[in-house]
Structure formats: structure tokens, C-alpha cells
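Chemist: To convert, count from 1 in the sequence shown and add 23; that's the working numbering.
Think of the CB as a built atom: it goes at the ideal place given N, C-alpha and C, for glycine as much as any other residue.
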Amino acid sequence: MDSVALPDIRAPCPIDRLPMELLSKIFSETKTLQSGSHKKEACPILCPISTSHVCRRWRSISLASPLLWTDLYISHSHKHLARIDAFLERSASQLLDITIRWCPYDSNIGMGHWPRSTSVVGAKERRFTRIFDKLIVHLARWHAFDFSTDTWWLMLHVFDIRDAAPALRQLRLDILPSMAVGSGPSPMATNYPPFGGALQQLQSLYIGNVPLDWSRCTFADLRSLVLLEDQRSLNCHPSEFLRIISSSPAIKSLYLSLRDYPQDAMPVELPMVESLTILTMHQEEFIKLLSVPRIRGLELRIMGHAINEAVDALTEPRLPLCRPLIQPLLAMRLSCLECTAERRHALYSSLPNLRLLDLQEHGFLYHTTFAEDMIHPDRIAPVGANTDVYMPHLSTVILMQTDWSLLRQLVETRRAAGVPLRKLVIYDRDVSGDEAAWLAENLETLASMPLPGYLSFRPALLLDWLDFEAARPGTWEFEDACSRIGCVPYRGSADH
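(1) Is it true that the CB of L321 sits closer than 8 Å to the CB of L299?
(2) Cα separation between P208 and C240?
(3) Secondary structure at G320, three-state DSSP: helix, strand or coil?
(4) Measuring straight from C-alpha to C-alpha, what distance separates R324 and A333?
(5) Secondary structure at T172, three-state DSSP: helix, strand or coil?
(6) Pull up the distance between the alpha-carbon of C510 and that of D186, whole angstroms please.
(7) Between the beta-carbon of S227 and the beta-carbon of R192, is there less than 8 Å?
(8) If you pair each beta-carbon of the region 493-506 with each one of the region 356-374, do three or more pairs fall below 8 Å?
(9) Let me know the secondary structure DSSP gives D94 once reduced to three states.
(10) Beta strand (DSSP E) containing Q8: first to last residue?
(11) Looking only at its chain, what residues have a beta carbon closer than 6 Å to the beta carbon of I121, apart from the 5 residues adjacent to it on each side?
(12) Which first and last residues belong to the beta strand (DSSP E) in which A470 is found?
(13) Given a threshold of 16 other Cβ atoms within 10 Å of its Cβ, counted over all protein chains shown, does E339 qualify as buried or as exposed?
(14) Would you mind giving the Cβ-Cβ distance between S276 and S247, rounded to the nearest angstrom? I have them listed as a contact below 8 Å.
(15) Determine the burial state of E252: buried for a count of at least 16 other Cβ atoms within 10 Å of its Cβ, exposed for fewer.
(16) Just list the residues that DSSP pairs A221 with in beta bridges.
(17) Is DSSP giving A190 helix, strand or coil here?
(18) Return the first residue and the last residue of the beta strand (DSSP E) that M355 is part of.
(19) Answer with buried or exposed for C78, where buried requires no fewer than 16 other C-beta atoms within 10 angstroms of its C-beta.
(20) Please report how far the alpha carbon of S271 lies from the alpha carbon of L360, in whole angstroms.
(21) Once the 5 residues before and after I14 are set aside, which same chain residues still bring their CB inside 8 Å of it?
(22) With DSSP as the reference, label Q350 as helix, strand or coil.
(23) For E307, is the classification buried or exposed, using 16 other Cβ atoms within 10 angstroms of its Cβ as the cut-off for buried?
(24) Hey, could you find the ends of the beta strand (DSSP E) D120 is sitting in?
(25) Around the Cβ of W176, are there at least 16 other Cβ atoms within 10 angstroms (buried) or fewer (exposed)?
(26) Out of L462, Q286, A439, which has the shortest C-alpha to C-alpha gap to I449?
(27) Can you tell me the Cα-Cα spacing of D490 and L484, whole angstroms?
(28) Taking Cβ positions, are R437 and L444 nearer each other than 8 Å?
(29) Just checking my contact of T468 with K446 at CB under 8 Å: how many whole Å lie between their CB atoms?
(30) With distance defined between alpha-carbon atoms, name the residue in L486, V442, P234 nearest to N258.
(31) Rounding to the nearest angstrom, what Cα-Cα distance links S358 and F110 in this structure?
(32) Quick one: measure Cβ to Cβ for E165 and L119, integer angstroms, because I've assumed they're closer than 8 Å.
(33) Just the C-alpha distance for P343 and I349, rounded to the nearest angstrom, thanks.
(34) Could you please give the first and the last residue of the uninterrupted beta strand (DSSP E) stretch that includes G231?
(35) Hey, out of G456, D457, N465, whose CA is closest to A439's CA?
(36) Compare the C-alpha of I107 against each of P71, P127, E492 and name the closest.
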């Protein structure tokens, strides 16, 4: 022990020798990484708070770095209004990314607990008004505004804004389902154009259960579009929907849960879309009209007998002007495989390029359908096809929990056919024990992850899943993809 030299606590730490500009850059990059990949939305605001409380020098650098203070996360349980003032002041003239989760009626969605009385709720609503008034002063600096609430009337504050937000590039307005009666009146048929309808500069738009006056909203540069009406109508007529997508030909990600889809005979061209999600039933005619030449990922959330019609729409001959929809797919997510065996095999044989299949089945039955289809010798290969097996490029499968022996047979059968699986992710299951160890030894990656709720409508992560599929375990790219997706790789029995 005498030979071990203890560091001199009076000596400066090596990181303190770095120039102020470099430390400021490191702090900003750390915040950016947290903003881009961390699953918890509140985490980016912790970075400047942490760095500003380490020592005097770090605090001085943090306070002099406006880019550190541009992310604001606000919830109905927010108690420190002075913190909002501090972020707004310290961010100086930089653009702001604002996230508000104001859900006092639903403890599962919000950050706090159920309100104990109407006076408690009223106090929270008055606090919201004070907070929003602070933010409005900085409207010209809004770069991203993400507002979700289970209290309808609070959304009216947004529609009271008549001025344009010239720097706004990302907008999310979402009315979440409430489990309380007093959460406010239904919007009925009231329409509003946010920010006076001047939204030409928007690149990302997410509207959930909020009826807008779409005829007064103009778009020109959308790259990502999410339209959800699982609880209330958006009042978005099919003709308005077609106008929106035609005015923004650069849309790459389209996520739809509409009650009415275009049913005309003319094809719907989506020239730049790479990721497409359709969440409602009775959209077979719309699927037949789609022409998506650059599609990489497709998600269909369909239950019951509607899956039969949807699979027919995907596999039957296309209209002359419509490009093939599923043959180019690299990733696909389905919420149900409860269709006939003939239809399932028609689907499998139509996916020659598929690399990733996500079966997020929410029913209580049929979780073994895909694995059983793949392990029978008379079913693994399409009849009369040029290829020897179904989905010859399939390397990653995400499945509901099922029998370990069936999973083992799936791995062995694909390997024996010369098309081995590399990665297997299991929903809602503790991955441990001898069977898990065998799978881990015979796969590149074995992982688990929580099953999202069926009503948890969030933009599809299929493109993130493709990053996971391509990444090599042990690399930063792999760990980053796991963080974005929320899966936990199997690390061995020692971790359990």
C-alpha cells in the first residue's frame, strides 16, 4: 500500500486544463446526445443543471453557454417556475425546444398523481396559464413545440396565438384520453388554425385528436407527418389530407390513424416516404391506391377479420400506375397474423427483401403462428418460387413471448435452411435461464423489451429498428440503437 501514490488533491484535475471554449463544446454535445437518444424526455434539462453545480469554473462556463439552456420540459407537477425563468434568460437569443406534458387527470400519462380535489386541479390550471404566458413572450424563438394534455380547454391557449412563429420547425399538439370526467368539454366540431395557419416552414407535424381548420393551414416543407384521431375527429377531409401530402412532397415518415381515407380511383403518390404506418381498419382501398417507390418500413395495426382484407390489398396485383408496395420492404410490423394460412404464405412470399419482422400481436392467441409457419419443412419454402425459402434476407425477428422450445426450433430451422437469424427480441419477457443462454449462444443478439400498450400511439420506430438490425453488438451504434428503441440485450446469466 505504501508504494501506491495517492493523487494530490491540490493538483488541478486534467479536465480543468481544457480551454473554456472546449469545455463549453463538450457540455453542449452531451446535452445534444441526451436530447436525441434518451428515452426520458426530461433528461436534457438535467445536463445544464448538473454541469452548473460541479464547481465554480464549470458553473461559470455553463451560465455563459446559451445553447445548454434551450430545452424546456414542463409538466403539471412542475413546482419551480423560477427554473423556467432561468432557462429562458440563460438561453439568451437561442432557439427553444419546448415540451409540455400537462395531464393532471391521468397519473399513468402525467408525471404526478391523481388530483385530490377540484381546487387542486384549478390551481394547476392557473399555474399553466402563468407558465404559458412566460413562453409566449419568446414566441419568435420557438423551434420545437410539443404539447400533450388530457385537459381539452388548455389547448385553446395555443389557438389563441394569432402571430406566426417564424422559427418553428416541429409542432406536436395532442389531446390524450383522460380517465376523469372533469377534464374539460369535448372540442365537438370547433376548428382552429394554430399560429394563424402560417405553417409553411414546419418540417414535423404531429396532430392527435385536435380538430383544426385544415383549409386555413398551409404547409410546404413537411418531412414527418402524424395524424391520429383515435378519440376525437381531426375534421381532416380526405381531400384536405391529399392537399397536405401533395404540398409537401419531401415527407419521409407518414403515420396515420384516420377515420376516412381517400377512396378515389387515382393513385396516391408518396415519392419520398420511407416509413409508413396505418393504424385503423377498413383502409384496404387506400392501401391499393398507394404508390411509395422509396418505402423501407411499413406498419399495419389491424385486428380481427380486417387482417384478411389488408393482406389481400398488399399481395394482390397492383393498379397499373402503382408501384409495388411490400416487395421493396426492409422492415415490417404487424399487430395481427390471424388470417388464413393461404394469405399468410402469400404475404411471406411477397417479402423477398425483408430484413426485420416485428409481430407486435396484442391478442391472447396465435402468438406461435409465425414460428410454427417457419419450422415446418413443407411451409418454409414458397411453392414454385425461385428462392429456396421465405424471406431469405430476414435476420431480425421481434416476437411476443412464446414457448422456448419453439423459438429454438425457429433458430435451428432457419440456420439449417441457410438463412440464419442473427437477432431475436422478445416482448414482455424476462430473458434468462438455460434456454435463453442457448439462444444467446446461437444468435448474434438476444434481447427483451416491454410491450407498448395497444393504445400507445407513437410514431413508428421501424427505421430505428433497421439501425439496430445493421449495428454490430459491442459498438456505439448498437448501444445507441438499443437506447432509442428501448430493448435490453441479454448479457449472460451473471446479470440475472
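Modeler: According to the data block:
(1) yes
(2) Low confidence applies to P208: its pLDDT is 49, below 50, so where it sits in the model is not reliable enough to give any reading.
(3) The answer is strand: DSSP assigns G320 an E or B state.
(4) 10 Å
(5) strand
(6) 42 Å
(7) For S227 and R192, yes; Cβs fall inside 8 Å.
(8) no
(9) strand
(10) Residue coverage of the chain in this structure runs from 24 to 519, which leaves residue 8 outside it and unanswerable.
(11) Excluding residues within five positions, the ones whose Cβ falls inside 6 Å are L95, F168.
(12) 468-472
(13) exposed
(14) 4 Å
(15) buried
(16) T241
(17) coil
(18) 354-357
(19) exposed
(20) Taking C-alpha positions only, S271 is separated from L360 by approximately 34 Å.
(21) Nothing in the structure corresponds to residue 14, since the chain is present only between 24 and 519.
(22) coil
(23) buried
(24) Unbroken beta strand (DSSP E) run through D120: 119-125.
(25) exposed
(26) L462
(27) 10 Å
(28) Yes, these two residues count as a Cβ contact at 8 Å.
(29) 4 Å
(30) P234
(31) 42 Å
(32) The identity of residue 165 in the sequence shown is Trp, whereas the question assumes Glu. With 8 Å as the limit, W165 and L119 qualify as a contact, their Cβ atoms being about 6 Å apart.
(33) Here the alpha carbons of I349 and P343 stand approximately 16 Å from one another.
(34) 227-231
(35) N465
(36) With distances taken between Cα atoms, I107 lies closest to P71.
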